[in-house]
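Engineer: Each protein sequence line maps, in turn, to chains A and B.
If you're matching positions, the first sequence starts at -10 in our numbering and goes up one per residue.
If you're matching positions, the second sequence starts at -10 in our numbering and goes up one per residue.
Ideal placement from N, C-alpha and C gives every residue a C-beta, glycine not left out.
Handing you this structure, nothing more for now.
Protein chains: 2
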Amino acid sequence: MNQVPNAAERAIRGAAAVEYFVRPKSVAIIGVSSKKGSASLNALANLVMNDYSGDIYLVGRSGGEIDGRPVLTQVDDLPEGVDLAIFTLPAAGVKEAMEACVRRKVRAVVSFASGFAEVGEREKQDELAAIARDGGVALLGPNCLGYTNYVDAFGAGFVSALKIPKVSAGRDPATAIISQSGGLMSHIRMGLDQRDLPVSYTISTGNEAGIGLADFVDFLAQDKTTSVIIVYVEEVREPEAFLAAARRARAAGKPVMMMHPGRGAQAREAVQSHTGALAGDHAVMRTLVTHAGIMFIDTIDELIDAAEILARYPAAPTKGPGFVTFSGAFCAIAHDFLEELGLEAPPMSPHIAEEMRKHLPSFATPRNPLDLTTAPVWQPDLMRLGPKAILDDPALGSLVISITVGPPAQALGYLNALIKAMEGNTKPVVFSILGDRSPLAPEFVELARQHRIIISRSAERSMRAMARVTFYGRALERSARAKANAEPVSGLPAFGPGAQPEWLGKEALRALGVKTPDGGLARNVDEAVAMAARVGFPVAMKAQAAKLAHKTEAGGVLLNVADEAAVRTAWKTLQDNVARAQPGLALDGVLVEKMSKKGLELVVGAKRDPRWGPVVVVGLGGVLIEALGDVRLLPPDLSEADIVAELRQLKTAKLLDGFRGTPAVDVEAVARTAAQIGRLMSANPQIVEVDINPLVAHPKGEGVTALDALIVLGE
Amino acid sequence: MNQVPNAAERAIRGAAAVEYFVRPKSVAIIGVSSKKGSASLNALANLVMNDYSGDIYLVGRSGGEIDGRPVLTQVDDLPEGVDLAIFTLPAAGVKEAMEACVRRKVRAVVSFASGFAEVGEREKQDELAAIARDGGVALLGPNCLGYTNYVDAFGAGFVSALKIPKVSAGRDPATAIISQSGGLMSHIRMGLDQRDLPVSYTISTGNEAGIGLADFVDFLAQDKTTSVIIVYVEEVREPEAFLAAARRARAAGKPVMMMHPGRGAQAREAVQSHTGALAGDHAVMRTLVTHAGIMFIDTIDELIDAAEILARYPAAPTKGPGFVTFSGAFCAIAHDFLEELGLEAPPMSPHIAEEMRKHLPSFATPRNPLDLTTAPVWQPDLMRLGPKAILDDPALGSLVISITVGPPAQALGYLNALIKAMEGNTKPVVFSILGDRSPLAPEFVELARQHRIIISRSAERSMRAMARVTFYGRALERSARAKANAEPVSGLPAFGPGAQPEWLGKEALRALGVKTPDGGLARNVDEAVAMAARVGFPVAMKAQAAKLAHKTEAGGVLLNVADEAAVRTAWKTLQDNVARAQPGLALDGVLVEKMSKKGLELVVGAKRDPRWGPVVVVGLGGVLIEALGDVRLLPPDLSEADIVAELRQLKTAKLLDGFRGTPAVDVEAVARTAAQIGRLMSANPQIVEVDINPLVAHPKGEGVTALDALIVLGE
């Protein structure tokens, strides 16, 4: 052991800290018991079986020897600066051992014990984390299942002892799995194994009292063996750090795939709640995580299927897939299924179709999906020409073949034809072999894998996975088009804490270039009369005070006030109504505005999730937004063109284009408004919520008007 | 050959005709060529290889011998009354051969040749069909791929020759496949093979010029070997006969599963079109087919997966599934996924949970999904107790287990525990083994199959299939609750052809007990004044004439007419407006009605699909129905309680229960109205369309009012 750095100099977070765990130069197992099947013996066996070449120390109260290795009776007998201590101690012994590790300048500790935050013992966990942090010890766990490094065949685990199959470092693209569930981790790993997809690391992060998800993603982003990162989480404890690490992985060209259950319950919440709360946490997370270049996945099948596509073809397509089949029935089924998935099968490019026509039998049509009919039975070269047409077609992003392959020789013939078609190809190719689970010859599978051809036994799974990957490709493009617009907004009024009165909210909107009705705040009745005269009758009059909750319900809003006399009466009425509803409340004054032209009512808002940050919310206004929950959540920096595309994804999007005689509305102006709200949220972290309800959209070219505006700051 | 019946006495349709095809006592192959690989030699080889024991005749121009069998040079040389002639002739020779078969009293002909309706040669096909029909010959095809009877090992096919694996007649429940696509047929068969599900018949029906889908379903409904019938169609040519046959299969306890692509395009159409046309053909078909007890399936995976459940457990569950797993992560994922599928995981019954609690480790909770945690590794009996709890629970309809099974011995231990839990069980059990495609020991698979345990490798596929089967069970219950209500409606007015004027439509509604606003038709202005005075001001006045299209656009509707003078002015205005819009049109008069109370506007309508019959359409009114396409299609005889359940499935259903201060509406009265419209459609086949738009729903208990009514008869 050489010079041991001080606590402050040791890495306790980030990729450097992870190194102590996955490639330690020395290991101590602390809490050793000689009982057969004990956690400590399993941990030791994992080192020995995998020919661990560093120093191994054992610490256990009983002392003595195990397999000829001396057992130290206390941590303090360890040499200074051991890289990794594996705690096979119950919760009760963890604190004391950690304190000793600090004294011995151990660099990293993994603790399997449960009995911490997951059972409500948050303080106990915080105390442990503080000791580690202050002592300069990197901590993994507690309540974790350990991890395996398949590159160096090193594993810290206590459940059983396994010979770790080594993956060739930096040669094959390999997939790493980080999981908060041990069960799912092994399931995912088995799924990858079966597809001959090498795994580089499996990591169970447990309670993440010290090191966690973000550190491992960071480590894997730099790891030269890992090309795809799979994350299963039930709680992202450090959203910002995680997103930053994911962006680094993305920059390194490594897809991060993420599963995080909980959308169901959150979806219900989202629909039930009000505009400001429409963005349930799970939906917000999904929006922002996707925008950070992470592929959000809902089901295990999709995870494995899409992981295989990305592991073999790192560049996700953005154009729709081309299909090759021998059956018209499959074309019909594919069309139906794609429509359900929301993915198009783009038409074949005319020059490609023209060329293909020469080779097809007269009764077949060159198009996408491409039905080769049964002709390939007699002309196997069609299985080169058909796939080649799809791969050559600039309009198509991937190739899905769905056929029955017949007897082994015929199957091999088709495969070889396909391989010829794939020369120089970079588009994902999935060969979905109908016939469900009928066995394929091992040499068939082998040959396909050599040529990066993905074999599938379910056309539906293939289509679903290809749709996922294609949507992911598009999300990456969209994120690339977004540009962080946190440019300060000049001319913003001075806000107090909490909810702002409407007149202040509207001042802010005007500073953003969002139109509000002509008018302004009147401090007394004469100002109100003058204001009304200036903007022209009829006017709307609204009582204004930051503390005036539910102004409509309080009788604080009067519309269509027709003339001067009516303004004077209205002034009195408003004061009386408010005094009755909230006695003693002092009004800022009354907002007097010209009644606006009618139009399509939308809602544009934003909320700041305390964990994930701001999202913009757009949807149609009125009862629709609540009855249908028909809103889109947008990252705050989305381009205006992409906001327009999102508006067109609303279930009620038809109403935007004019319907039953109403004119098409100025969708671009709506998008511009949403973009400005995004900018406001990005530039002003103190704003927690914005709600423009309604935003009236006028006919195309005539812009929008914000009829109401609520801006809420943190208290 | 015994007594040959006359043409009129021979069966050319139905189950009796199918018998000639699948179990012929004698076969003639017509169009024999000695060329190696010819269709005729394949057809012959199919007989010989499968030890066909009846007489075989060969007919071919060249004569001579084939394999020692004489070749007759013309059909007329055949003995009288051959059961089946297999035509391996090109289209050009089919007519002449059919004429000869009529002369020789052949009982059944299968013709493979293409070149008929599928390429536009409809007349040629009709001519062939007429010759067969008039001559008393049952015809299968043309343009079909033949069929295989796995019970007797008899096949009529020309593509290749195959040894047919015999299924044990009447012992194992077997599945039959009828398909209009040969490719899909072989795919489905392979899928069933791989699940060790015996197949009884595969039938390609081609153009169905004679015998078709309905005949085969009828035959299979009576066949003692077949227990599940799978149908793949792209066009149901005889909807009524098909539905009747499917009902007979249902009555025989045999599920009919049907795939029919085309929902995508039709869905688009449905959303674009108007109220009366909202029910696109595909959606209508799906509604009525499901109501007839057919299980409508969208994807191939679901078809195979659900077929396995129904083949092994003929009684489809109606209650939601219970889940058993070892991983909390799976519970979370299952909840999300089920919500997406629209299926609930019902809570465990309290007495079952109480019992289960005794056996679970203290940190586990007895509930559904049931997470056994990793405890079964040490207490394998939990794999008996957990599943038994689900199977014993009256609140749960099926059992889905989703676990990783570990090494073979452990896997077998779990399986044996499960088998113990299943004693006396009738609920479907799916054992979904996480780990994707990792191999299972053959003895494991064998043992599971012996005990009807369905093995799956994808939890998602299992859940999807169980959802399908459960929805199917519920659809059967719903159909059983429906009672055909075609009771004649007394008091209906006399209708002319085409669209009826509103006043006549409303008379019909009143005869059905549906409330309309107080008022009636005024033939002249004085009658209008009197009517208005009787019902009370303000009134609505609407010009009435069967030929008055778009009465609102024509200026033929005036609302809120306040007093007598206004009625007189309005009368004049209406006459002028209509005269301008449709010069020369004679009005029946003017409908004068009391203005109705406001309420929630719905649409209740019906249309008669020329092929599938009537469906009722319900949805919310106004722009919503068109912008969202948010309607439900209902069979005309649905019970009122089930109509209420359907109304609650509307995307906008929240509006029914009162929203933002509006009261909950009288959903039962809406359902009653829809049921009456169903009755009207069932009792009056001449009515092709009904449209009540809007039907105003008043607060709960206060009923509904039909503000407009359109009834359209066939021209």
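For B/K75 versus B/V99, is the C-beta distance shorter than 7 Å?
Structural biologist: What sits at residue 75 of chain B in the sequence shown is Ile, not Lys. Yes, Cβ-Cβ distance for B/I75 and B/V99 is below 7 Å.
Engineer: Are the region 288 to 300 of chain B and the region 269 to 277 of chain B touching by the rule of at least three beta carbon pairs closer than 8 Å?
Structural biologist: With a cut-off of 8 Å, the region 269 to 277 of chain B and the region 288 to 300 of chain B do not count as touching, because too few Cβ pairs lie within range.
Engineer: Taking a Cβ distance cut-off of 8 Å, strictly less, list which residues of the region 67 to 88 of chain B are near chain A, in chain order.
Structural biologist: Those residues of the region 67 to 88 of chain B that come within reach of chain A (Cβ to Cβ, closer than 8 Å) do not exist; the list is empty.
Engineer: Provide the residue span of the beta strand (DSSP E) that contains A/S782, from first to last.
Structural biologist: With chain A covering -10 to 704 only, the question about residue 782 of chain A has no answer from this structure.
Engineer: Looking only at its own chain, which residues have a Cβ that is under 7 Å from the Cβ of B/T307, when we skip the five neighbours before and after it?
Structural biologist: Correct list, in chain order: G386, T459, G462, R463 and E466.
Engineer: Leaving aside the five residues before and after A/G608 along the sequence, list all residues of the same chain whose C-beta is less than 6 Å from its C-beta, in chain order.
Structural biologist: Here the set comprises V592, I614, D619 and V620.
Engineer: Please classify B/A259: is it buried, with 16 or more other beta-carbons within 10 angstroms of its beta-carbon, or exposed?
Structural biologist: Because B/A259 carries a pLDDT of 31, less than 50, the predicted location of this residue cannot be relied on, and the following value inherits that uncertainty. With 16 or more other Cβ atoms within 10 Å, it is buried.
Engineer: Within the 7 Å Cβ cut-off, does A/K643 reach chain B?
Structural biologist: So yes, A/K643 belongs to the interface.
Engineer: Please list, in chain order, all residues of the same chain as B/G265 whose beta carbon is under 7 Å from its beta carbon, the five residues on each side excluded.
Structural biologist: Here B/G265 scores only 33 on pLDDT, less than 50, and its place in the model should not be relied on; the value that follows carries that caveat. Correct list, in chain order: G594, K596, E678 and D680.
Engineer: Spell out whether any CB of chain A is found under 7 Å from the CB atom of B/F147.
Structural biologist: Not an interface residue.
Engineer: Using a Cβ-Cβ distance cut-off of 7 Å, determine whether B/R252 contacts chain A.
Structural biologist: Closer than 7 Å: yes.
Engineer: Assess, as a yes-or-no matter, whether the region 13 to 32 of chain A is touched by the region 58 to 77 of chain A under the definition of 3 or more beta carbon pairs within less than 8 Å.
Structural biologist: Touching, yes, given that three or more Cβ pairs across the two stretches are closer than 8 Å.
Engineer: Consult DSSP for A/D325 and reduce its assignment to one of helix, strand or coil.
Structural biologist: A/D325 falls in the helix class under three-state DSSP.
Engineer: Near A/K155, which residues of its chain fall below 6 Å by C-beta distance, leaving aside the five closest residues on each side in sequence?
Structural biologist: Hits under 6 Å: A142.
Engineer: Let's test the definition: count the other Cβ atoms within 10 Å of the Cβ of B/L548 and tell me whether it reaches 16, buried, or not, exposed.
Structural biologist: Exposed: under 16 other Cβ atoms inside 10 Å.
Engineer: Between which two residues does the alpha helix (DSSP H) carrying A/I219 extend?
Structural biologist: Taken as a continuous stretch (DSSP letters only), A/I219 belongs to no alpha helix (DSSP H), being part of the beta strand (DSSP E) at T215 to Y221.
Engineer: Might you give, ordered along the chain, the residues of its own chain that have their beta carbon closer than 7 Å to the beta carbon of B/L563, omitting 5 neighbours on each side?
Structural biologist: The answer, listed in chain order, is M530, A532, G545, L547 and V579.
Engineer: Go ahead and pull the three-state DSSP assignment for A/L128.
Structural biologist: Correct three-state label for A/L128: strand.
Engineer: Would a C-beta distance cut-off of 7 Å place A/S193 and A/A163 closer than the cut-off?
Structural biologist: Their beta carbons are not under 7 Å apart, which means A/S193 does not touch A/A163 by this criterion.
Engineer: Out of A/P187, A/Q571, A/L481 and A/A454, which one is the CA nearest neighbour of A/N673?
Structural biologist: Closest by alpha carbon: A/L481.
Engineer: Between the region 120 to 151 of chain A and chain B, which residues of the former have a C-beta closer than 9 Å to a C-beta of the latter?
Structural biologist: Within the region 120 to 151 of chain A, the residues whose Cβ lies closer than 9 Å to some Cβ of chain B are V148, listed in chain order.
Engineer: Distance, Cα to Cα, B/I676 vs B/A488?
Structural biologist: One C-alpha to the other measures close to 10 Å.
Engineer: Go through the region 369 to 447 of chain B residue by residue and report every complete run of the beta strand (DSSP E) that reaches 3 residues or more, in order.
Structural biologist: Fully enclosed beta strand (DSSP E) runs of 3 or longer: 387 to 392, 418 to 422 and 443 to 445.
Engineer: Please state whether DSSP places A/A5 in a helix, a strand or coil.
Structural biologist: Helix, per DSSP.
Engineer: According to DSSP, which residues form a beta bridge with A/K596?
Structural biologist: Answer by DSSP bridge pairing, in chain order: A/V604 and A/E678.
Engineer: Establish whether the CB of A/F315 and some CB of chain B are separated by less than 7 Å.
Structural biologist: Answer yes: the Cβ-Cβ gap between A/F315 and chain B drops below 7 Å somewhere.
Engineer: Closer than 8 Å by beta-carbon distance: list the chain B residues that pair up with A/T288, in chain order.
Structural biologist: The contacting residues are I322, F326 and E449.
Engineer: Which first and last residues belong to the alpha helix (DSSP H) in which B/M345 is found?
Structural biologist: Here the alpha helix (DSSP H) through B/M345 covers P339 to R346.
Engineer: B/H539 touches chain A at which residues, Cβ-Cβ below 7 Å?
Structural biologist: Per Cβ cutoff of 7 Å: no residues; B/H539 is ~12 Å from chain A at best.
Engineer: Consider the Cβ of B/H176: report whether some Cβ of chain A lies at a distance smaller than 7 Å.
Structural biologist: With 7 Å as the cut-off, B/H176 counts as an interface residue toward chain A.
Engineer: Of all Cβ atoms in chain A, is any one closer than 7 Å to the Cβ of B/K25?
Structural biologist: No, its Cβ sits nowhere closer than 7 Å to a Cβ of chain A.
Engineer: For B/A471 and B/L627, which I take to be in contact (beta-carbon distance under 8 Å), what is that distance rounded to the nearest angstrom?
Structural biologist: Yes, B/A471 and B/L627 are in contact; Cβ-Cβ is about 5 Å, under 8 Å.
Engineer: So, helix, strand or coil for A/V156, using DSSP?
Structural biologist: Three-state result, A/V156: coil.
Engineer: Does the pairing of the region 316 to 334 of chain A with the region 370 to 383 of chain A give three or more beta-carbon distances under 8 Å?
Structural biologist: Verdict: no, contact absent.
Engineer: Starting from the Cα of B/M87, find the closest Cα among B/V108, B/G124 and B/R111 and give me that residue.
Structural biologist: That would be B/G124, whose Cα lies nearest to the Cα of B/M87.
Engineer: Could you tell me the distance, in whole angstroms, from the CA atom of B/A686 to the CA atom of A/L696?
Structural biologist: B/A686 and A/L696: Cα-Cα distance of roughly 31 Å.
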